[in-house]
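Student: The structure follows.
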Amino acid sequence: PVTDVLEDLKKRGLIRYTGLGGTTVYEMTRIVEKGNYDVLLTAFEYSLLWREAGITLIPAARKKGMGIVPGSPLQQCWLSQRYDFIRDNPPAWLSKPRRDQLIRLYDYSDAIGISVPELATRWILTNPDIDTILSGVRSVAEVETNVAFAEMPALDPKIIAELDDIHSMVPYRPCE
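Each residue of the sequence shown is one higher than the last, beginning at 3 in my numbering.
Structure, rendered in structure tokens:
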């Protein structure tokens with residue numbers, strides 16, 4: 003019923019655009035396929051290491067001509083900084099595969115001289131299906147940093163390939 007109300011408001015000129023946002027990729031994919039939205043906000047499901055939205059949701063939205071806005075490209079702070087303590091003192095809740103993946107990402111970041119937040123931001127902006135990101139900044143300095151990342155050229159395909167390989171170490175998050 004909400005979809006019908008939004009379509010009616012749009013036809014009457016009371017709103018210009020409609021958007022869909024949420025975190026459940028597979029439910030949202032069905033809604034995108036059946037609905038007529040203009041913009042998709044996918045939160046926490048599309049980033050350098052968490053890519054579930056790229057399997058079905060982003061392709062469905064692109065097929066419908068929707069604008070695509072990933073929220074939380076730094077994955078709720080997981081990619082906003084390094085957590086080097088996980089090498090020697092991992093928290094009990096961090097799985098070994100995810101720990102190994104993060105350590106490999108940190109080592110690769112060191113090897114190429116690009117910070118993890120920069121890699122994460124530039125990786126997501128390199129995707130031509132992405133129209134913009136919702137970055138969740140806390141200060142003017144963070145806005146300026148994100149703008150600087152966005153103005154940089156797309157990542158080299160060799161870097162993308164290595165990041166894809168790092169991602170493949172833990173391709174899915176548990177969904178239960």
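All C-beta atoms in this analysis are idealised placements derived from N, C-alpha and C, irrespective of residue type, glycine included. Please read all numbers here as calculations on a predicted model, not as lab measurements.
What residues match up with residue 41 in a beta bridge as DSSP calls it?
Tutor: By one-based count along the sequence shown, residue 41 stands at place 39. DSSP lists 21 and 69 as partners of residue 41.
Student: Do residue 108 and residue 86 have their C-beta atoms closer together than 8 Å?
Tutor: Counted from its first residue, the sequence shown places residue 108 at position 106. Counted from its first residue, the sequence shown places residue 86 at position 84. Going by C-beta atoms, residue 108 is nearer than 8 Å to residue 86.
Student: Spatial neighbours of residue 31 within its chain, please: C-beta separation below 6 Å, excluding the five flanking residues on both sides.
Tutor: As a working note, residue 31 is residue 29 in the sequence shown. Excluding residues within five positions, the ones whose Cβ falls inside 6 Å are 58, 59 and 62.
Student: For the alpha helix (DSSP H) that residue 31 lies in, which residues bound it at each end?
Tutor: Locating residue 31 in the sequence shown gives position 29, counting from the first residue. It spans 27-36 - the alpha helix (DSSP H) in which residue 31 sits, taken as one unbroken run.
Student: Spatial neighbours of residue 151 within its chain, please: CB distance less than 6 Å, with the 5 preceding and 5 following residues excluded, ordered by chain position.
Tutor: To locate residue 151, count along the sequence shown from 1; it is residue 149. Within the same chain, residue 151 has close Cβ partners 120, 123 and 124.
Student: From residue 33 to residue 104, what does the alpha carbon distance come to, in whole angstroms?
Tutor: The count along the sequence shown starts at 1 and reaches residue 33 at position 31. The count along the sequence shown starts at 1 and reaches residue 104 at position 102. Using only the alpha carbons, I get a separation of about 33 Å.
Student: Leaving aside the five residues before and after residue 39 along the sequence, list all residues of the same chain whose C-beta is less than 7 Å from its C-beta, in chain order.
Tutor: As a working mapping, residue 39 is identified with position 37 in the sequence shown. The answer, listed in chain order, is 20, 21, 22 and 68.
Student: Among the residues of its own chain, which have a CB less than 8 Å from the CB of residue 178, if the five just before and after it don't count?
Tutor: For the purposes of this step, residue 178 is taken as residue 176 along the sequence shown, with counting starting at 1. Here residue 178 scores only 40 on pLDDT, less than 50, and its place in the model should not be relied on; the value that follows carries that caveat. No residues qualify anywhere along the chain.
Student: In angstroms, rounded to a whole number, what distance separates the CA positions of residue 169 and residue 163?
Tutor: Mapped onto the sequence shown, residue 169 falls at position 167. Mapped onto the sequence shown, residue 163 falls at position 161. Spanning the two alpha carbons is a distance of roughly 10 Å.
Student: Using only CA atoms, which one of 147, 134 and 167 lies nearest to residue 43?
Tutor: The count along the sequence shown starts at 1 and reaches residue 43 at position 41. Among 147, 134 and 167, the Cα nearest to that of residue 43 is on 134.
Student: Within this structure, are the beta carbons of residue 52 and residue 77 separated by less than 8 Å?
Tutor: Within the sequence shown, residue 52 is the residue found at index 50, counting from 1. Within the sequence shown, residue 77 is the residue found at index 75, counting from 1. Their beta carbons are under 8 Å apart, which means residue 52 touches residue 77 by this criterion.
Student: What are the boundary residues of the alpha helix (DSSP H) that includes residue 118?
Tutor: Here the question's residue 118 lines up with position 116 in the sequence shown. Start and end: 118-128.
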